[in-house]
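Residue numbers (full-length UniProt numbering), protein chains in the order written: chain A, 1 to 204; chain B, 1 to 204; chain C, 1 to 204; chain D, 1 to 204.
Built from N, CA and C at the ideal position, the CB exists for glycine as well.
Remember, predicted model here, so these are calculated numbers, not experimental data.
Note sheet for the following structure.
Protein chains: 4
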Amino acid sequence: MGEVKTPEPSRRSERSHQAILTAAVELVGEVGYARLTIEAIAARAGVGKQTIYRWWPSKGAVVLDAFVSLSGGNEPAALPDTGDLEADLKMVLRATVEELTDPRFELPSRALTAESQSDPALSQQFVEAVLRPHLTAIQERLRAAQRAGQVAKGVDLSVAVELIVGPLFHRWLLRTAPLTKAYADTVAELAVAALRPASRKPRG
Amino acid sequence: MGEVKTPEPSRRSERSHQAILTAAVELVGEVGYARLTIEAIAARAGVGKQTIYRWWPSKGAVVLDAFVSLSGGNEPAALPDTGDLEADLKMVLRATVEELTDPRFELPSRALTAESQSDPALSQQFVEAVLRPHLTAIQERLRAAQRAGQVAKGVDLSVAVELIVGPLFHRWLLRTAPLTKAYADTVAELAVAALRPASRKPRG
Amino acid sequence: MGEVKTPEPSRRSERSHQAILTAAVELVGEVGYARLTIEAIAARAGVGKQTIYRWWPSKGAVVLDAFVSLSGGNEPAALPDTGDLEADLKMVLRATVEELTDPRFELPSRALTAESQSDPALSQQFVEAVLRPHLTAIQERLRAAQRAGQVAKGVDLSVAVELIVGPLFHRWLLRTAPLTKAYADTVAELAVAALRPASRKPRG
Amino acid sequence: MGEVKTPEPSRRSERSHQAILTAAVELVGEVGYARLTIEAIAARAGVGKQTIYRWWPSKGAVVLDAFVSLSGGNEPAALPDTGDLEADLKMVLRATVEELTDPRFELPSRALTAESQSDPALSQQFVEAVLRPHLTAIQERLRAAQRAGQVAKGVDLSVAVELIVGPLFHRWLLRTAPLTKAYADTVAELAVAALRPASRKPRG
DNA sequence: ACTTAAACGAGACGGTACGTCTTGTCTTGCC
DNA sequence: GGCAAGACAAGACGTACCGTCTCGTTTAAGT
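As structure tokens, then:
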């Protein structure tokens, strides 16, 4: 995931490839993303710098690949569907809070989000590889709820997903307040209320 | 705003101070934050590098000060209160979309958000100086609505604020989809629905 | 000329061999010896790098072979013997000046002389392949002159040869002054005077 | 000696300057010129690479300065004048042979001569700083001899000097044969014979 | 003609050094 | 005596080549 450049990938050394990803993961944990250097990755991986530059366009791209390979298998697949939307959402949002708070994921995630601000291509890859599966899983659960009449017919589910996760990321990224499970619960409750088919709209 | 270091501030050259902020604003617009250097700011401002290092701890801090001085007076003060919460929120969210899309603000904002990921001190200053006034203004409007019975009594308004702005920032920061005024409207509608007192959720 | 390594020479591709020498000659003329690279020779010759490393031990060795193949046939054979030693020497020294000044020969010659300073093996090959024939030709002419009584009996002719060509190379290599045919003539006259059988030695 | 570039020399750190020259001398002795790198000089000298690139245009220029500062004071001044030209020349040529054979001088000298082949500016500086004093000293001795009637009136002394030293350098640079004191003596004898006024050549 | 082992082109690899750039500190000399 | 100017040590950048090492693919001997 990530290479778009020219060289013949069949001749790629899988040994070096893995060593680079491993070294990147280790080093980003040890010194942080800002003080992470290509030279250090190459040295730690026992690899020439050119081998990194040959296959990745930037430091961010290496770290993204490393991060993806790290959180490799744990595709969130689908949310459980207990029939209780609010409970299911609370579960997934609590899990999200836990992940965003786990230092193992927090540092690389913040780094990639930061890097994405100035590198739209990286941003795209980051979202598709890391974020999209989570969003899609939630959206599928919402679709089921919509079919079950727990979510109003007219709601655009892609917006609904961001209504749910947006507040969490906002607090995480901007550190407006501590990111807790209580907050996750409150957001889930409010979101469910927002999506519920209108009993009546008292506005007019 | 921003200085925390030692030297005697009374002897500070206001002329150099302003020149530095101006140069930073110009340069961040010309080359972007990533390629912005302290040396270039000093050169453009006609100032010794030491004069920058003396008063600011990092490149981010200079840019934050420059950004704040740029958007100086326009404190958002308070939201209008037309009595129609949804309409008032749509107005402020549309304005927010406009600002986040305005290249004059977008680049420095993204840069400072990115830099905040690895610099919690900067993050704190950024939030307090730039973001907090907006959040507070929205929260005040919500308090009025709560008093008017348009928002449920039990709702934690600081969470409500993030429910409203979170989805916008999520889309802006992660570029999951284009950030449009239609999206702002939808978010406002859903948020109002979430906060409405109405019948408590019919689930139990 | 030059190969000392192991592989079976009968299977050598003459096509590649020639292409390499041609490419080396062209490139040394285009970019000079210092900026000449094995990679560039291989690319220009349409040859794998290994094919060069297989048959030559160093860049200098390739260029030496290329240079020898360039100045291939024109073995100086023997000097003319008009009976007038001084005239014959002037002729050969003037020709030498011309060659040392001809850009076609000057650049590779200087490069190989330079390289020889740090590579005695190359030095040996260079001297034997390029220089020795010239020196030998002059020495033969001196031997004839010695037989004819124009050169003193006791003179060591190998030293005499270097007395003649040394001053030319000195000026060429060290650029102490322009290398001209007038200088060649003067050197020839002085050398002949040095070698002439002593009328008497007015020293004692 | 050597700097031709822009920066203000008054602010130059004499400490770093000396450390660089010392490191260069040491390293050229330890690993030879070809394997000498700017990086190693900087590391050994405890100096940033830029400090070298700021003040010298090339590796050769650094080594030349280092070499000159090494052989700093020992200006050859003037040759002794015992009245016996041949004896005096033998003395100086033997000394030259000794110097050219002394490893302390041989390696840098060969390196600078080699480098001069592709860098005429360096060549010029090398000749003027290192070689010219020797040549001038010999030329002065020859002038005295010419006044004393031991050298023919019409002889161009600058050519005469190269007649004397050229054969030595020829053998040293091209390694046509071992460079010995016996060779130096023979060259001196032949040179004196060449320059002697005596009976004009009996040829015409 | 068939086999087989080499030499071949291509080019990825681990490395080294390049010359440039930027950082944050230190120094000099002008005003 | 405060400040611009800029030299300095440090070290990462991205590039260029080095010489070695696979890869298939010719190619030429020796069957």
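- Chain-ordered listing is empty here: chain A has no CB closer than 7 Å to the CB of arginine 147 of chain B, the nearest sitting near 16 Å.
- Residue state for alanine 144 of chain A is assigned as helix, using DSSP reduced to three classes.
- Per DSSP, reduced to three states, the secondary structure at valine 97 of chain B is helical.
- Residues are counted here when their Cβ sits less than 8 Å from a Cβ of chain C; for the segment 25-51 of chain D these are Gly32, Tyr33, Ala34, given in chain order.
- Counting along the chain, arginine 104 of chain B sits inside the alpha helix (DSSP H) bounded by residues 103-118.
- Taking 8 Å as the Cβ-Cβ cut-off, the segment 146-165 of chain A approaches chain B at Val155, Asp156, Ser158, Val159, Ala160, Glu162, Leu163, Val165, given in chain order.
- Taking a Cβ-Cβ threshold of 9 Å, none of the residues of chain A is close to leucine 122 of chain B; the smallest such distance is about 11 Å.
- Only residues of its own chain outside the window of five on either side were considered, and among them Ile41, Val62, Val63, Ala66 have a CB closer than 6 Å to the CB of alanine 24 of chain B, listed in chain order.
- CA-to-CA, the gap between valine 130 of chain D and alanine 87 of chain C works out to about 35 Å.
- Assignment of proline 9 of chain A by DSSP, reduced to helix, strand and coil, places it in the helix class.
- For threonine 82 of chain B and lysine 153 of chain B, the gap between their C-alpha atoms comes out near 20 Å.
- As the crow flies, the alpha-carbon of alanine 148 of chain B is around 21 Å from that of leucine 93 of chain B.
- The count of Cβ pairs closer than 8 Å, one atom from the segment 167-181 of chain A and one from the segment 157-166 of chain B, reaches three, so the stretches are in contact.
- When the alpha-carbon of lysine 49 of chain D is set against those of D:Asp119, D:His17, D:Ser71, D:Leu89, the nearest one is in D:His17.
- Cβ proximity to chain D below 9 Å picks out Thr176, Ala177, Tyr183, Thr186, Val187, Glu189, Leu190, Ala191, Val192 from the segment 176-192 of chain C.
- Shown here, tyrosine 33 of chain D sits in coil according to DSSP, grouped into three states, outside any helix or strand.
- In the three-state reduction of the DSSP assignment, alanine 43 of chain A falls in the helix class.
- Interface residue (Cβ-Cβ distance to chain D less than 8 Å): threonine 101 of chain C is not classified as such.
- Inclusion of leucine 79 of chain C and valine 192 of chain C in the CB contact set at 8 Å is not warranted, their separation being larger than that value.
- For leucine 179 of chain B, same chain residues with a beta-carbon under 6 Å away, outside a window of 5 residues either side, are Val97, Arg171, Trp172 in chain order.
- When rounded, the separation of the alpha-carbon atoms in alanine 111 of chain D and glutamate 26 of chain B is 51 Å.
- In the structure shown, tryptophan 55 of chain B adopts helical secondary structure according to DSSP, grouped into three states.
- Contact annotation: valine 151 of chain D and arginine 175 of chain C have beta-carbon atoms that are not nearer than 8 Å.
- Remark: C-beta atoms of alanine 45 of chain A and alanine 19 of chain A approach each other more closely than 8 Å.
- DSSP places arginine 196 of chain D outside both helix and strand once states are collapsed to three, so it counts as coil.
- Going by DSSP, serine 158 of chain D is part of the alpha helix (DSSP H) stretching over 157-174.
- Contact between alanine 114 of chain C and serine 123 of chain D does not hold, since the beta-carbon distance rounds to 11 Å and is not under 8 Å.
- With respect to the 8 Å criterion, glycine 32 of chain A and leucine 100 of chain A are not classified as neighbours on the basis of their beta carbons.
- Counting only Cβ-Cβ distances below 8 Å, proline 167 of chain A has contacts in chain B at Val159, Glu162, Leu163, Gly166, Pro167, in chain order.
- The beta carbon of leucine 195 of chain D lies closer than 7 Å to those of Val151, Ala152, Val155, Ala160 in the same chain, with the five residues before and after it left out.
- The residue among A:Glu189, A:Glu30, A:Ser116 with its C-alpha nearest the C-alpha of proline 103 of chain A is A:Glu30.
- In this model, leucine 21 of chain D and valine 68 of chain D are separated by some 10 Å (Cα to Cα).
- For threonine 37 of chain D, the number of other beta carbons within 10 angstroms of its own is below 16, and it is reported as exposed.
- Taking 8 Å as the CB threshold, alanine 137 of chain C stays off the interface with chain D.
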